[in-house]
Every structure is written in C-alpha cells, then in structure tokens.
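Protein chains: 2
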Amino acid sequence: MVQDSKILDVAFNPQSIAVIGASSDDNAEKKSWVGRLLEFGYKGKIYPINLKAPTVLGLKAYPSVKAVPEPIDYAIISIKSSLVPMALRDCITKGIKIAHIFAAGFAETGMEEGKKLQQEVVSIIKEGKIRIIGPNCMGIYNPVTGLTFNVRFSREAGSVGIVSQTGAGMMELIPHANARGVRFSKVVSYGNALDVNAPEFVEYFAQDNDTKYLFCYVEGVNDGYRFFTAVRDCNRTKPVIVLKGGLTEGGSGAVSSHTASLAGSELVWKAFFNQTGAIQVETLDEAVEQIVAVEKLPEIKGRRIGIVARGGGVGVVATDTCERAGLKVPALTKETRLELAKITPAEAGSSIRNPVEIGLGRFGVAEGYALGLKLVTDDPNIDVVMAVINPHVYTQEGVGVKEIDQAAQVLIDSSKTLSKPLAVVVTLGDDINVIGMEMEAQQKMLKAGVPTFSTVEAAILAISKMAKYWEFRRSL
Amino acid sequence: MVQDSKILDVAFNPQSIAVIGASSDDNAEKKSWVGRLLEFGYKGKIYPINLKAPTVLGLKAYPSVKAVPEPIDYAIISIKSSLVPMALRDCITKGIKIAHIFAAGFAETGMEEGKKLQQEVVSIIKEGKIRIIGPNCMGIYNPVTGLTFNVRFSREAGSVGIVSQTGAGMMELIPHANARGVRFSKVVSYGNALDVNAPEFVEYFAQDNDTKYLFCYVEGVNDGYRFFTAVRDCNRTKPVIVLKGGLTEGGSGAVSSHTASLAGSELVWKAFFNQTGAIQVETLDEAVEQIVAVEKLPEIKGRRIGIVARGGGVGVVATDTCERAGLKVPALTKETRLELAKITPAEAGSSIRNPVEIGLGRFGVAEGYALGLKLVTDDPNIDVVMAVINPHVYTQEGVGVKEIDQAAQVLIDSSKTLSKPLAVVVTLGDDINVIGMEMEAQQKMLKAGVPTFSTVEAAILAISKMAKYWEFRRSL
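The listed protein sequences derive, respectively, from chains F and C. Taking the numbering used here, I'd label the letters of the first sequence as residues 1 to 476. Taking the numbering used here, I'd label the letters of the second sequence as residues 477 to 952.
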C-alpha cells in the first residue's frame, strides 16, 4: 500500500484528474464535476470519462481511463454504485493510485445489495493497488490547486483544515465560515470511510505546513486508538476542534443510515475529549464560531471575563450565560471602578461593576470608550474581555454607517494595544436596512484579525472553550 | 391602598399623563418622554412639568403637577433621584394615584445615599395614597393607548404580555419579537420594584382579556409565595415563559447592582419551575423564539419529532440536538419509508429513515414535497414535524425569490392541512443578497400563523419546551 502522507499529497494536489461518469449536462442548478473544476479554475489536466460523448464541456472525452494516453493522478468516480467495481478495476489497470467515490448506494442504505457492493469494493482495494476516499462523499476542496466540490467556496487559501464525514454539512459550513473571514488550507469530505479514514487524514493534516488549525466532523472511526493518538498529538501544537455526530441514541441511528459508521458510546467519547484535549462542539454553527475563536483569539490565561456591553438585565443574562459556560464574571477592583465612574453616565441600568456599560454603539463612539475598554482589560481580576455592540437597537435614533464604522475602528485599534485578549460581538438585528452595515462592521473587524461573533451566547461559548483549551495546553 | 387590578388598569390605560422633568431637548438621538408620546401617538392628554419652560414641544408646560387645572391619571417622573421625594409629594397632593419613576440612583447603586433615598420613597408611599412603578425602569408600553418607552415598538396590538425587570432588555427584545411577527398586549418594565412587584403584575395579566401569553423577566421577587401562586394559576390557562436573571453566583451579583433585588437560590427556582409548569428560558433571544412557539405552535401530543431537512451529517447533528433537548427522533414505519422511497432521489446523503430529505429548498419546490411532508406527519411514530429550508445554500445555483416564495407557500398550505403541528426553520445565511429574501419568507410564514424559526437549534429547544409544557397541562 502506498504510504499515507504521500498518497494523500497526491489526492490533495493532483496534477491530473479523471472524472469517471463525466456529464455534459452542466447548468446552474446541477453543476457537473467537470463543470465545477473548470469554473473553479482547477490548474491541472481534466480527463472526462464518458462512454458515448466525444467531448464534455469542450474537453476531449474518453470511453475509459484506459483510453487516456497520459498518466492520471486522481479519479473522481461519479457513476451508479453498481458500476463502481468495474471503474475501480479500470483505474488500477491505468495505474491511478487514489480515487474519490462520489456515488452513494453502499452500506449506508442498509440494504443487502449495497452492503454486498461495499464488500466487493473492499476486496478490490485489498490488493493494495488503489486507495479510496468515500464512497458516498464530496471529496476534496483545495483552493490552491483549484479542486473543489462547490464553486461557492473561497478561492483564497487559509490555515484551517477540515476532516469531515459529511459533505452536505460542509456545503453549509464552508461558505458560512468564508463569510466570517475564515479561509481553508485543505478540506476532505470522506463519507463511508471504506478505506482512508479519519486517523490517516488527521495524521496528514498534523504534518501539513499549510494547516495551523483543524476541524473534524466524525461519525465513527475504524481504529479508535489511532484516531485518539492522531488527535492528541496534533492538538498539542495545532488546536483540533471535533464535532462527534451521533453521540445520542437517536443520532447513532441517523449515523448508520448516513455513513454506515458505528457511532461508539458517549462514555468513550467523553474520555476521548478529556484525554486528547480536543475542543468539542455540538453543531456546525458552533463549529464556525469556534474556528473563528481558535484562529483569532490569542492565548487566554484564565477564566475571568470582563464584559463591556449593555448593563441592566442584558448584562445580568450575559453574566449568567458566562457562568453557565464555566467563566467567571468577577467584580472589578475598586480602583478600576473609581476610574470608570469618571467616564460613564449614571443612567438607569448603567453599571461599572462588571458588566460595564460605557456607551459605544449607542450614540456612536462615546467619549472615553477606548479608555474604558483599557481600564477593564488592565484590571488584575480580568483575563479576557468581551465587548458587545448592537447597532440595530440604535440606528433609528440617528446612528448610521459612519458611527458603526467608527465603532469598528475603535475596537480594531484597541485590540492591537490591549494587554489581554479581546473578543467582539456585533449582534445582527432583524432590520434588513441595518443588517448589511452590521455585517460590514463584522467583516472589517474580522479582516483586521479581531475575533468577532454574531451573538453573545456564541462568543461566550467559544471563549470558554478556548480558556479550557489553553488550560490543557499549559498542563502538558 | 387602591385595589391592584384597578390601579394597574389606570397605569396601563391612563387618560392623562404628567411628565415630571419634561425636557424640550428632543432630538433623534435622545428622545424625551414627551417627544416619544407625541411621536408614538398617545391618545390622552399630556402635561409637561418643567420649572422654567412655558411650553415643551408645543404643549403648555406647568411648573408643578399642582399647577395643572385638570385631574391627572398617571405621572412619569424623569428627574434626578434626589428630587423624586418632593415630586412624589406633589403627585399625592394633586391626587395622582400611580407614578412611574424613571430615575435611577436608588438602592441599585449600592451607595448609602441611594439606599436612604429609596427608604424615603418607601415611607412616602406607606401612607397608601400613591403607588409606584420603579424606580430605575422604563415603565409601560401599550400600543392601544399609544403609551411607550420606545418609538420603534409596533403600534399594532397583539396577545403577548410582558412583566420585566429590565428595560434595556425590552428595547432589544420587543423590536426583535416584532420583526418575528409577535405583537404585544401590554408591557411593563418595573426595575427596582420598590412598590408594585412581579406578583401583582402577573395577577393583572392573568385577568387581562387582551393577554393570552405572558413573558416574565424577573431578577428577584419580594413575596415568593405570591409570585409562585400567581404564575402557577396563570400558567394553567395562559402559558407563562419565565427568564430568571441572576440564577448563577456571578449573575446574582449583577442583579444586585442592576435592580438591588435578592436573586434567590438556584434550588428554590428549580422547584418553582417544576411546580408552576412555567416555561424556563435562559436568554432574551431564546425568549423571543419561545414566544413565537407559545403563540403559534398548536398543542404537541408527545416528544417524537419528524425532521424534514437536509440529511447526511446535517441530519445527524439535528438528531443529536433533538435528543439532547429531550425529544425523540424515531425511525419512520416501514410503510412510510416505502411511500417516501417513491418520491425521493437516492443521492449521496439522502435518507428516508428520519431525518427525511425530500429536496425542498434545493431546486425550488421538489415534486412531492407536500406529499412527503404529509407522509412524515401521518406516521404513527411522529407527534410533531420540523421542516428546515436553507435557501442561501442554493441561491447561487439558480434558486431565487420565486422559488423561496413558492417554498414558503407550500409550507403555509401544508401547515393548514397537516394532522399534527408543523414548525418551520428558514435559516439565514451570511449572504446579504439572499438574507432579505429569507427574512421575507419568514415574515410571510409568520403572518400566515406558521411557527417559523431562524435556526435549527432554536426551533428544537422551543419545540421541546412546548412538548414539556403540554405534558404539564395535561397532567393537571
């Protein structure tokens, strides 16, 4: 069998791709694999394989990979499941070392026919002449080579890698993360994991220089110990976020009909997270927030958070949310409070205890906001600061693009000079006239490297998990 | 002392209001109380009280309430806290029966001066000639009379009442709920609760014919047993949602600096929720989702949910989320699955086990979607159905306004004919070009009475709490 990291290097960076079952029916509603590669700007050679058509989307087509005169690195197999074994044998004959089987209809159907077919594929690859990603998956996205399973993904490369058993989930997560300023190094959706499985992928990403952070969505793993070791080792230098799908009873049933994986017990996974120190998330939306945190939030030295936000009941609820997430919201020192009292108005609901209400976002940049932020951050009782602005509450009171932009700038400037990590929340309202401005403010801050979140709850959860992660790292 | 419900009737529906400390400085950034009443269209008489100005915003002003020739129902006291006792004595002389003290600077400051001032007010009202809402609060919003503390609130009346110790929180919650199609009967923000407290308000709403559902944000109550009884009794016919602020250690500290309330122990509140059957929420955002559910979701007969959404990993995560929230995601019967197999394509990740993927939202209305929804709903294993559409994932593949609108219409039509409750999720992406369409689809469905949520997690949490609520109601 070809050595893992080398073979995966080929899969992530193929110089040539055969699309077996290349369709010439390429329209906006249902892009073909060839159409996607062309549109996304794949830099290598594409060989469409089609029994009848002489060309596919302007490219010369071949009836079989065996008919292609040049060598081929990688195959995407997009045909009916029953035809897959024959196609695989052709790939082996051609000397293709790794193939992505897009087709579904194997063990995940729960039907005898599908299980038999999966067994047949297993015996074909046992000879060791070809490796498989899939079946029942979307394969690879690598912005550098232009290989993708969705043309909406960013063409810009970044530092986050993904190992995912779900493709549909990635179709949502990646654009969502892109919109939040996240860029990816390499992504793989690997479905039923009939051959290459999570541990090998994690090992690959651990040694991949382009990847600095890793997110894994796994439903089940074939070799639990190898996965455990791979995640543990990677996580010591590159934070690993893991979403384990199918942890509940009902979820494990859904897993079996999705990727035919064995979900494993909740207890085993609890031990896995405790011992590897991997960051556990529960939903794909939460994964995006955690990726933002992992990439942009500097090391947090403790769990004591300073909140600069609306006070009153909003502050009380934020405090409860922090404490439920394992953070502490301590009172600021008397010294800090005396200084804060000089710059905050004594209005209904205002407070200088912590949470602190200084007024940014209400009527644009309140005088003293940057100073207030600094006072809270420098307080010896505080390890990390969360600043919340909610422009939609005030836009009808005369706050507009200028003020929101100004607020974003103050926060960007502050984040560069403050002595401790700063997380920002720009909440999005329901007002379509304002939401665009708020998104732009988020974008601006994310581009400037400020960890920016859309809800107070999401920010708190992400911060608390980073605090825990750094505790783990320091304990090593 | 004037009888509670009668005096609160006056406060919620005053024929005339004196604004003590009426400011003529009315601009977009900081609306005055008089300016708000005028802009919002208050239907009664307004008497601005201002020591120096002869008119305020075009209205004749008076140096004191005592100088007003006509009787006055209600006073809004918006002056420095130190001047409040004198103003209250004037109100008593004038025969005003109830006043809202907007001013802060009482016990919540934690300072001796503030506490003394609060004591002075207490001794003034002990004589029983005047009742107080507040201090340190925003007072009343009643769209019918045109009384409000924020001009952005809807002028349309509805069936949800609010008893809230936070005003700032309501400034966010009410527009948010308005945008989600919720309309309010009457709202009160009552701050420090120096006199009228949560129990009296709840008793008032329980007998108020305009109110069918109640949301309470409380930090502490003076008379725990009376509050318990009031909520328990109300909740038997009108669902009561309660957000208890300051349940955590840090939160209770924040409470004392917000409204000087005693937060009470977590254990006591746990018993409170168990015994009253009130629906507990933890954040203001969650409160909005729960209000939508309480108002629009019909009685749920059990905890078994059918999910019609993306399958694959997205379905696995949704299933886990359901089970964590106490719902069950059972496999559908063989009969249902055979019928579903006829209308769903066997693609990668598609599933007919539950969650079921039928394809709406992907390429517009898939043929058979309404039928599929009906099949899932009619399955004997299912009590409630959640349908999820996420148009932003597909808009770049040719799905536009027309398809999204069509999808909304299918869901509206289905919700009217299905045999069991249907909840819909329209997830909002990060694409500013699509988010407007998605919000419009949400609006359209909410207007048609379909319980519509913005995230799968929010919908699941709200549904699970309604299932629990109805179990409680049926156990009575």
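Glycine included, each C-beta is placed from N, C-alpha and C at the ideal position.
Go through its chain and collect everything with a Cβ distance to residue i's Cβ below 6 Å, but skip five positions before and after it.
i, result
"leucine 428(F)", "Ile435, Glu438 and Ser454"
"glycine 277(F)", "Asn235 and Phe472"
"alanine 735(C)", "Before going on, a small fix: residue 735(C) reads as threonine here, not alanine. Within the same chain, threonine 735(C) has close Cβ partners Glu584, Gln641, Gly667, Asn668 and Glu695."
"cysteine 613(C)", "Gly643, Ser665, Tyr666 and Gly667"
"isoleucine 572(C)", "Ile548 and Ala551"
Cβ closer than 9 Å: which chain F residues qualify as neighbours of residue i?
i, result
"glutamate 775(C)", "The contacting residues do not exist; glutamate 775(C) stays about 23 Å from chain F at best."
"cysteine 798(C)", "Thr248, Gly250 and Gly251"
"valine 664(C)", "Simply none; closest approach about 13 Å."
"alanine 924(C)", "Result: empty, since nearest Cβ-Cβ is about 18 Å, beyond 9 Å."
Taking the alpha-carbon of residue i as reference, which of the options has the nearest alpha-carbon?
i, options, result
"aspartate 431(F)", "Gln918(C), Gln594(C) and Glu725(C)", "Gln918(C)"
"asparagine 541(F)", "Arg152(F), Asn136(F), Leu247(F) and Asp210(F)", "There is no way to answer for residue 541(F), as the model of chain F reaches only from 1 to 476."
"proline 547(C)", "Leu760(C), Tyr689(C), Ser492(C) and Glu815(C)", "Ser492(C)"
"serine 737(C)", "Arg800(C), Lys591(C), Pro539(C) and Lys507(C)", "Lys591(C)"
"leucine 898(C)", "Val877(C), Ala938(C) and Thr531(C)", "Ala938(C)"
"alanine 18(F)", "Gln280(F), Val240(F), Ile130(F) and Ile49(F)", "Ile49(F)"
"tryptophan 470(F)", "Thr237(F), Ala459(F) and Ile140(F)", "Thr237(F)"
"glutamate 266(F)", "Leu243(F), Ile98(F) and Leu371(F)", "Leu243(F)"
"glutamate 596(C)", "Leu623(C), Ala580(C), Ile574(C) and Ser558(C)", "Ser558(C)"
"asparagine 626(C)", "Ile600(C), Val860(C), Lys688(C) and Phe516(C)", "Phe516(C)"
"lysine 80(F)", "Ile404(F), Pro135(F) and Asp233(F)", "Pro135(F)"
"arginine 89(F)", "Val65(F), Glu335(F) and Glu112(F)", "Val65(F)"
"alanine 935(C)", "Thr812(C), Val486(C), Ile522(C) and Lys772(C)", "Lys772(C)"
"lysine 186(F)", "Met170(F), Ile162(F), Val202(F) and Glu200(F)", "Ile162(F)"
For residue i, count neighbouring Cβ atoms within 10 angstroms of its own Cβ and tell me buried if that reaches 16, exposed if not.
i, result
"threonine 420(C)", "Past the boundaries of the shown model lies residue 420(C); chain C is included only from 477 to 952, so the question cannot be answered."
"glutamate 933(C)", "buried"
"arginine 950(C)", "exposed"
"threonine 820(C)", "buried"
"arginine 786(C)", "buried"
"tyrosine 550(C)", "buried"
"alanine 747(C)", "exposed"
"glycine 361(F)", "Interpretation of glycine 361(F) is limited by its pLDDT of 46, a score under 50 that renders its predicted location unreliable; the figure taken from the coordinates is listed afterwards. Looking at its Cβ environment, which holds 16 or more other Cβ atoms inside 10 Å, glycine 361(F) is buried."
"alanine 348(F)", "Residue placement at alanine 348(F) cannot be trusted, given a pLDDT of 41 that sits under 50; what the coordinates show is reported in the next sentence. Alanine 348(F) comes out buried."
"tyrosine 225(F)", "exposed"
"proline 545(C)", "exposed"
"threonine 724(C)", "buried"
"asparagine 866(C)", "buried"
"leucine 8(F)", "buried"
Less than 8 Å between the C-beta atoms of residue i and residue j, yes or no?
i, j, result
"glutamate 695(C)", "glycine 729(C)", "no"
"asparagine 698(C)", "asparagine 673(C)", "yes"
"glycine 791(C)", "proline 831(C)", "yes"
"isoleucine 577(C)", "valine 598(C)", "no"
"asparagine 381(F)", "proline 298(F)", "no"
"isoleucine 92(F)", "isoleucine 130(F)", "yes"
"phenylalanine 228(F)", "leucine 214(F)", "no"
"threonine 928(C)", "aspartate 855(C)", "no"
"isoleucine 412(F)", "alanine 467(F)", "no"
"valine 532(C)", "histidine 652(C)", "no"
Which chain C residues sit within Cβ distance under 7 Å of residue i?
i, result
"glycine 355(F)", "Per the sequence shown, the amino acid found at residue 355(F) is proline instead of glycine. Near proline 355(F) (Cβ distances below 7 Å), the residues of chain C are Ala730."
"asparagine 390(F)", "Glu648"
"glutamine 409(F)", "Within chain C, no residue comes near glutamine 409(F); the closest Cβ sits about 20 Å away, beyond 7 Å."
"glycine 245(F)", "Gly789, Val792, Val793 and Asp796"
Quick one: list the residues of chain D neighbouring residue i, beta-carbon separation under 9 Å, in chain order.
i, result
"aspartate 405(F)", "The structure shown has no chain D; the protein chains it does contain are F and C."
At a CB-CB cut-off below 7 Å, which residues of chain F make contact with residue i?
i, result
"serine 733(C)", "Ser351 and Arg353"
Under 8 Å between beta-carbons, which chain F residues line up against residue i? List them in chain order, please.
i, result
"histidine 652(C)", "Gly429 and Asp430"
"glutamate 758(C)", "Val317, Asp320, Thr321 and Arg324"
"alanine 655(C)", "Gly429, Asp430 and Asp431"
Which residues of chain C have a Cβ atom closer than 9 Å to the Cβ of residue i, listed in chain order?
i, result
"glycine 311(F)", "Ala644, Ala730, Ser733 and His734"
"methionine 439(F)", "Asp906, Ile908 and Ile911"
For residue i, I'd like the list of residues in its chain whose CB is within less than 7 Å of its CB, leaving aside the five on either flank, ordered along the chain.
i, result
"glutamate 632(C)", "Pro619 and Arg659"
"threonine 283(F)", "none"
"methionine 921(C)", "Ala884, Leu887, Ile888, Val900 and Thr928"
"alanine 341(F)", "Ile352"
Only counting the same chain, and skipping five residues up and downstream in sequence, which positions put a Cβ closer than 8 Å to that of residue i?
i, result
"threonine 145(F)", "Phe12, Asn13, Pro14, Tyr42, Lys43 and Gly44"
"glutamine 594(C)", "Phe582, Ala583, Pro611, Asn668, Leu670 and Ala736"
List the residues of chain C that residue i touches, going by C-beta distances under 8 Å, in chain order.
i, result
"glutamate 457(F)", "Thr759 and Asp761"
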